[in-house]
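Peer 1:
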Amino acid sequence: MTTTSELPETAPETRYIGKPIKRREDPRLMTGQGSFLDDIRLPGMSYAEVVRSPYAHANIKMIDTGAAKSMPGVLGVFTGDDFMDINPLPCAWQAGKVTNNVNTPRVLAVDKVCQVGDPVAVVVAETPYQARDAAAAVDVDYEELPAVTDAKATTADGAPQLHENAPNNIVLTWECGTDADSVDAALKAADVHVTEEIRNQRLIPTAIETRGSIGRYDPGTDEYTLWETSQCPHVHRLLLAAFVMNIPEHKLRVIAPDIGGGFGQKIFLYWDMPLVLALAKKVGRPVKYVEDRSSNYLTATHGRDHVTDVEIGATNDGHITALKVKTWANLGAYLSTIAPGIPTTLYGRMVAGCYKIPNIHVDVVATYSNTAMVDAYRGAGRPEAAYLVERVCDLVAHATGVDPAEVRRRNFIQPEDFPYDTGVGMLPYDSGNYEQAFDRALEQVGYKELRAEQQRRRRNSDPKLLGIGLSSYVEVCGVAPSKWIGLPGEGWGAGLWESANVRVHLTGKIVATTGSLPHGQGHETSFSQLVAEELGVPIEDVEIQHGDTAGTPFGFGTYGSRSLAVGGIAMYKSLQKVKEKARRIAAHMLEASPEDIVWENGKAHVKGSPEQAKTLGEIALQASVAYDLPDGMEPYLDETTYYDPPNCTFPFGTHVCVVEIDRETGEIALRRYVAVDDVGNVVNPLIVDGQLHGGIAQGLSQALYEGAVYAENGELLTGTMNDYAMPRASMVPTYELDRTVTPSPTNPMGVKGAGEAGTIAATPAVANAVLDALRPFGIENLDMPLTPPKVWAAMHHAAGAAQAAD
Amino acid sequence: MAEAPAKIETQRITLTVNGQEHAEEVEPRMLLVHFLRDQLGLTGTHVGCDTSQCGACVVDVNGKTTKSCTMFAVQADGAEITTIEGLASEGAYHPVQEGFWEMHGLQCGYCTPGMIMSSVALLKRNPHPSEQEIRHELEGNICRCTGYQNIVRAVQYAADKMGESGAASAD
Numbered sequence: 098m099t100t101t102s103e104l105p106e107t108a109p110e111t112r113y114i115g116k117p118i119k120r121r122e123d124p125r126l127m128t129g130q131g132s133f134l135d136d137i138r139l140p141g142m143s144y145a146e147v148v149r150s151p152y153a154h155a156n157i158k159m160i161d162t163g164a165a166k167s168m169p170g171v172l173g174v175f176t177g178d179d180f181m182d183i184n185p186l187p188c189a190w191q192a193g194k195v196t197n198n199v200n201t202p203r204v205l206a207v208d209k210v211c212q213v214g215d216p217v218a219v220v221v222a223e224t225p226y227q228a229r230d231a232a233a234a235v236d237v238d239y240e241e242l243p244a245v246t247d248a249k250a251t252t253a254d255g256a257p258q259l260h261e262n263a264p265n266n267i268v269l270t271w272e273c274g275t276d277a278d279s280v281d282a283a284l285k286a287a288d289v290h291v292t293e294e295i296r297n298q299r300l301i302p303t304a305i306e307t308r309g310s311i312g313r314y315d316p317g318t319d320e321y322t323l324w325e326t327s328q329c330p331h332v333h334r335l336l337l338a339a340f341v342m343n344i345p346e347h348k349l350r351v352i353a354p355d356i357g358g359g360f361g362q363k364i365f366l367y368w369d370m371p372l373v374l375a376l377a378k379k380v381g382r383p384v385k386y387v388e389d390r391s392s393n394y395l396t397a398t399h400g401r402d403h404v405t406d407v408e409i410g411a412t413n414d415g416h417i418t419a420l421k422v423k424t425w426a427n428l429g430a431y432l433s434t435i436a437p438g439i440p441t442t443l444y445g446r447m448v449a450g451c452y453k454i455p456n457i458h459v460d461v462v463a464t465y466s467n468t469a470m471v472d473a474y475r476g477a478g479r480p481e482a483a484y485l486v487e488r489v490c491d492l493v494a495h496a497t498g499v500d501p502a503e504v505r506r507r508n509f510i511q512p513e514d515f516p517y518d519t520g521v522g523m524l525p526y527d528s529g530n531y532e533q534a535f536d537r538a539l540e541q542v543g544y545k546e547l548r549a550e551q552q553r554r555r556r557n558s559d560p561k562l563l564g565i566g567l568s569s570y571v572e573v574c575g576v577a578p579s580k581w582i583g584l585p586g587e588g589w590g591a592g593l594w595e596s597a598n599v600r601v602h603l604t605g606k607i608v609a610t611t612g613s614l615p616h617g618q619g620h621e622t623s624f625s626q627l628v629a630e631e632l633g634v635p636i637e638d639v640e641i642q643h644g645d646t647a648g649t650p651f652g653f654g655t656y657g658s659r660s661l662a663v664g665g666i667a668m669y670k671s672l673q674k675v676k677e678k679a680r681r682i683a684a685h686m687l688e689a690s691p692e693d694i695v696w697e698n699g700k701a702h703v704k705g706s707p708e709q710a711k712t713l714g715e716i717a718l719q720a721s722v723a724y725d726l727p728d729g730m731e732p733y734l735d736e737t738t739y740y741d742p743p744n745c746t747f748p749f750g751t752h753v754c755v756v757e758i759d760r761e762t763g764e765i766a767l768r769r770y771v772a773v774d775d776v777g778n779v780v781n782p783l784i785v786d787g788q789l790h791g792g793i794a795q796g797l798s799q800a801l802y803e804g805a806v807y808a809e810n811g812e813l814l815t816g817t818m819n820d821y822a823m824p825r826a827s828m829v830p831t832y833e834l835d836r837t838v839t840p841s842p843t844n845p846m847g848v849k850g851a852g853e854a855g856t857i858a859a860t861p862a863v864a865n866a867v868l869d870a871l872r873p874f875g876i877e878n879l880d881m882p883l884t885p886p887k888v889w890a891a892m893h894h895a896a897g898a899a900q901a902a903d
Numbered sequence: 108m109a110e111a112p113a114k115i116e117t118q119r120i121t122l123t124v125n126g127q128e129h130a131e132e133v134e135p136r137m138l139l140v141h142f143l144r145d146q147l148g149l150t151g152t153h154v155g156c157d158t159s160q161c162g163a164c165v166v167d168v169n170g171k172t173t174k175s176c177t178m179f180a181v182q183a184d185g186a187e188i189t190t191i192e193g194l195a196s197e198g199a200y201h202p203v204q205e206g207f208w209e210m211h212g213l214q215c216g217y218c219t220p221g222m223i224m225s226s227v228a229l230l231k232r233n234p235h236p237s238e239q240e241i242r243h244e245l246e247g248n249i250c251r252c253t254g255y256q257n258i259v260r261a262v263q264y265a266a267d268k269m270g271e272s273g274a275a276s277a278d
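In order, the protein sequences belong to chains Z and F. Numbering of the first sequence is given in the working numbering, commencing with residue 98 and proceeding in unit increments. Numbering of the second sequence is given in the working numbering, commencing with residue 108 and proceeding in unit increments.
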């Protein structure tokens, strides 16, 4: 295990950092005292319900709101024509250096709908029940059009066309890596050549809290307030004010209360946000809109949905020499806020995984279809990349007869190779020791013994098929240096730094604000640990504030596992500034020079004279009353940092899954799940482990259970939780976690990020385990989710084919 | 086109929630969860799925674990109801709440009230559940954050704790 970084300044042992501190958020949440969006009731609140399209693709011929308007309690009924002064939502991250054929949603659809659930009218009423009644009374006449839902099929000539500016429903075509001709030559020269179609199915994020928003307008001040289920309220304020509603940014305040999970879906700007603000102004009352579950499934964003044709070249001894990837990424009916960035920068540039692959070429075709929008979902691009390259490793193992563990070992990037450039346009990987984590995982699971057991069972035609699945992953976190993500080449066109303000009040109590936005990750705890550690105060004296654009500096929010690696570092730097100022004040109070002041146990004293110490509280008081400060010094301990990271961070690790499949039924039992992750230095191991647990559950659930299914006509068949297979407690195993620690050299805390690692690693580990078990049947690949009927059918089809060949 | 319905008559119900008696007028169609949240202001009980899958709305009605999104308020006339707000007594957390805190059994906290209410009921039925029994009996509650492992540990913690205090009071 590698050593920790420079924290803290003086104490050899930490008091808070690295400790499994119980979460400070929990008492309110476990007693029902949390304040989630739907818990908020403002005086005079009214309620909005929308009328949604039952068709996936249709022209709107007529909307009759007459009956609805006369219903009890109705305050107003509106259609898209009433909001033509509100711009379509912006697509903020367009893929770099290529044409993006952009179509984004309006607050309500006008003339045409492109997905089931497209909102076409809205009712505002005194109660939610009255709003529902009236919404049901709005009469809409549609002319149904043919629909298309599949990522590849939507680009075919003759497929139904969604938008005039996107021929063949193509949003963009994009490429990265070595030029295609060189990769073709390398493929031709390879000992072994494998091709496969790999599908990464569509998922629905399914935070247990759906989305919603509350709008309020104050005519006295011309100010709007928006409460929303959001992972990034500051960004939403900016986009809403400047791009959607054309109102001054300072006349809009955005508040994210307690958030009941996000997983990416709550990053994005949605139509209901400007809608409730506009409605609040129209009806003169606060307006609340909360999705029901089906509405969430229909029109909030989904994730993944890639179809990839991959060509692999390898040597006979398992070295991967070339990878040619063509991916169709289904982005749905319209472009969500950062949709084009996911299959390009966050997927295409990560397909090398943790391997040295000399020739890689990636083509991405992003497409429209009559389905829900697809954007970042936990992992966002990296799970698709990890799934691809980890399936590639097993395909190479299969084709060469080299053990899957050996294939990975032979191709790993080595510790001395860092910083490492994979040649596909990603920033250089910061640090890593892939083989160390790999070895530890294999040792913990007992890989050799398992392979021997597998051999034995195969020889004896055991009724249970044993499968061992490996997944070594690297992911990109801590997004992102503005110099990289802001450049036209990556297409974001804006920074991605983070802010933190630390104020030590007169009484010595500390309020720290962050632009990050927790929605289950426990920032109030881990950021408090950081503050308490650095300033040497009890954690009870620290309050972390977030989520309200009033009173906190601009921040970009929480996604891409960036909170600690970017927001935490902003906090760390503000704390250093506070300490430096406090040191100068302490020196003044103790009549010493600042260089002679040392911090110990939360007190400042002159080197060698610990008996005459000043506490932070005493220094804060001195800074506040301000009549006796060093010449020229401003009063108060109040420091702000805007931190722009020099690089991203690259966590990694190896997960191993062991399954047993019943030959008779295709049923899959998860026997073991071992995960060795390296997320750099850890502030709160309790929270990090929790993040890994949840991530693994989501990842393995993609492999075995989940999948959004559309009928050919574009109807979402998995439109409720009755139909969409959410994992339950009995459907997941006990996770056996271990860690290696390779600090990131990117930031002074050596942290990397842990929010998405589990999701990224788990899907290929489980899928590879199932396919490993099925190897005696000659099955090369199966599309997820790997359900028992699918596995059973594949076994029987393979057995039948073998018999027929005899 | 749908006809505008006539004004919906309300009905008077009397019930006890967390030890406090309430007499309220409700529409017959009002769901219990909306009554608890919107009429009584007990917003700790959540709605997650509308279809009785996720269990975020679980409360105790006359000793029975109940998904309050699938019951009308009028059906609770005369009932004794406990919600998450009524679980801690005299400032002391219920051992299950304590277990969720100790074992990091919650992250976003949205499923937590229902998960805790179901866990309390589980331990009433079966004070010494195996891990498999815990996982099976919590199938009616969905959590997207934790991957369930620490929820299982939280219930085990509470079982141990309640076992100890049960043993102590038996002495």
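All C-beta atoms, glycine included, are put in the ideal place defined by N, C-alpha and C.
Note the first and the last residue of the continuous alpha helix (DSSP H) segment covering Z:G855.
Peer 2: Counting along the chain, the alpha helix (DSSP H) containing Z:G855 begins and ends at 854 to 870.
Peer 1: Let's see if you can read the secondary structure: which residues bound the beta strand (DSSP E) around Z:N427?
Peer 2: Its beta strand (DSSP E) spans residues 417 to 427.
Peer 1: Of all the alpha helix (DSSP H) runs that stay within the bounds of the segment 170 to 233 of chain Z, which reach a length of 4 or more residues?
Peer 2: Listed in chain order, the complete alpha helix (DSSP H) runs (minimum 4 residues) inside the segment 170 to 233 of chain Z are 225 to 233.
Peer 1: From Z:Y656 to Z:Y669, what distance separates their C-alpha atoms?
Peer 2: Going by the C-alpha atoms only, they are around 19 Å apart.
Peer 1: Alpha carbon to alpha carbon, what distance is there between F:W208 and Z:T762?
Peer 2: Each residue's alpha carbon lies about 40 Å from the other.
Peer 1: So Z:A483 and Z:I857 are supposed to be a Cβ contact under 8 Å. How far apart are they, rounded?
Peer 2: Right, the Cβ-Cβ distance comes to about 5 Å (below 8 Å), so this counts as a contact.
Peer 1: What is the residue span of the alpha helix (DSSP H) that Z:F624 lies within?
Peer 2: 620 to 632 is the span of the alpha helix (DSSP H), which, as asked, contains Z:F624.
Peer 1: At a CB-CB cut-off below 9 Å, which residues of chain F make contact with Z:Y832?
Peer 2: Per Cβ cutoff of 9 Å: G254, Q256.
Peer 1: Need the endpoints of the beta strand (DSSP E) that F:K174 sits in, please.
Peer 2: It spans 171 to 174 - the beta strand (DSSP E) in which F:K174 sits, taken as one unbroken run.
Peer 1: Could you give the distance in angstroms between the alpha-carbon of Z:D735 and the alpha-carbon of Z:N844?
Peer 2: Cα to Cα, Z:D735 sits roughly 23 Å from Z:N844.
Peer 1: Can Z:I114 and Z:L627 be called in contact, C-beta distance under 8 Å?
Peer 2: A contact, by the Cβ cut-off of 8 Å.
Peer 1: Relative to the alpha-carbon of Z:L269, which residue among Z:I758, Z:G588, Z:S827, Z:M846 has its alpha-carbon at the smallest distance?
Peer 2: Of Z:I758, Z:G588, Z:S827, Z:M846, the residue nearest in Cα terms is Z:G588.
Peer 1: Spell out the partners DSSP gives Z:R382 in its beta bridges.
Peer 2: BP columns for Z:R382 are empty, so no partner.
Peer 1: Let me make sure I understand the geometry here. Which of F:V259, F:L229, F:G216, F:M269 has the alpha-carbon closest to that of Z:A304?
Peer 2: The candidate whose alpha carbon is nearest that of Z:A304 is F:G216.
Peer 1: Between F:T172 and chain Z, is there a C-beta pair that is closer than 8 Å?
Peer 2: Output row for F:T172: interface = no.
Peer 1: Can you find the residues in the same chain that come closer than 6 Å, C-beta to C-beta, to Z:V773, ignoring five residues on each side of it along the sequence?
Peer 2: Here the set comprises A534, R537, A538, G750, T751, D835.
Peer 1: On a Cα-Cα basis, can you pick out the residue from F:S237, F:E197, F:C250 that is closest to F:I223?
Peer 2: Ranking the options by Cα distance to F:I223, first place goes to F:C250.
Peer 1: If you drop the 5 nearest sequence neighbours on each side, which residues of the same chain put their C-beta closer than 7 Å to that of F:G185?
Peer 2: Hits under 7 Å: T121, L122.
Peer 1: Taking Cβ-Cβ distances below 9 Å as the criterion, which residues of the segment 120 to 131 of chain Z are in contact with chain F?
Peer 2: Correct list: R120, E122, D123, P124, R125, L126, M127, T128, G129, Q130, G131.
Peer 1: So which residues of chain Z does F:V259 contact, with C-beta pairs closer than 9 Å?
Peer 2: Those within 9 Å of F:V259 in chain Z are A826, T831.
Peer 1: Ends of the beta strand (DSSP E) at F:L229?
Peer 2: Premise fails: F:L229 lies in the alpha helix (DSSP H), 219 to 232, not in any beta strand (DSSP E).
Peer 1: Quick one, which residues of the segment 344 to 363 of chain Z are near chain F if we go by CB-CB under 9 Å, in chain order?
Peer 2: The segment 344 to 363 of chain Z vs chain F, Cβ under 9 Å: D355, I356, G357, G358, G359, F360.
Peer 1: Does the distance from the C-beta atom of Z:G654 to that of Z:V332 stay below 8 Å?
Peer 2: Their beta carbons are under 8 Å apart, which means Z:G654 touches Z:V332 by this criterion.
Peer 1: Classify Z:K849: buried if its beta carbon has 16 or more other beta carbons within 10 angstroms, exposed otherwise.
Peer 2: Label assigned to Z:K849: buried.
Peer 1: So F:V124 packs on F:T190, CB below 8 Å; how close in whole Å?
Peer 2: With a Cβ gap of about 7 Å, F:V124 and F:T190 count as contacting.
Peer 1: Under the assumption that Z:E853 contacts Z:R479 (Cβ atoms under 8 Å), give the Cβ distance between them as a whole number of angstroms.
Peer 2: Indeed they touch by this definition, with Cβ atoms about 7 Å apart.
Peer 1: Going by the DSSP bridge assignment, what does Z:V462 pair with across the sheet?
Peer 2: BP columns for Z:V462 point to Z:T270, Z:W425.
Peer 1: Give me the DSSP bridge partner(s) of F:L122.
Peer 2: F:H129, per the DSSP bridge assignment.
Peer 1: So Z:A277 and Z:H403 are supposed to be a Cβ contact under 8 Å. How far apart are they, rounded?
Peer 2: 19 Å between Cβ atoms; not a contact.
Peer 1: Along the beta strand (DSSP E) that carries Z:Y144, what are the first and last residues, could you check?
Peer 2: Element bounds for Z:Y144: 143 to 149.
Peer 1: CA-CA distance, F:T172 and F:G247?
Peer 2: About 10 Å.
Peer 1: By DSSP, does Z:G445 sit in helix, in strand, or in coil?
Peer 2: In the structure shown, Z:G445 sits in a helix (DSSP, three-state: H, G or I).
Peer 1: Compute the distance between the beta-carbons of Z:K166 and Z:P585, then report whether it is under 8 Å.
Peer 2: Against a cut-off of 8 Å, the Cβ pair of Z:P585 and Z:K166 comes out as no contact.
Peer 1: When we look at the beta-carbon of Z:R475 and count the other beta-carbons within 10 Å, is it buried (16 or more) or exposed?
Peer 2: Flag for Z:R475 reads buried.
Peer 1: Can you pull the chain F residues whose beta carbon is under 9 Å from the beta carbon of Z:R390, in chain order?
Peer 2: Within chain F, the residues near Z:R390 are V154, G155, C156, D157, T158, Q160, C161.
Peer 1: If you draw a straight line from the C-alpha of Z:D414 to the C-alpha of Z:R507, how long is it?
Peer 2: So the alpha carbons of these two residues sit roughly 9 Å apart.
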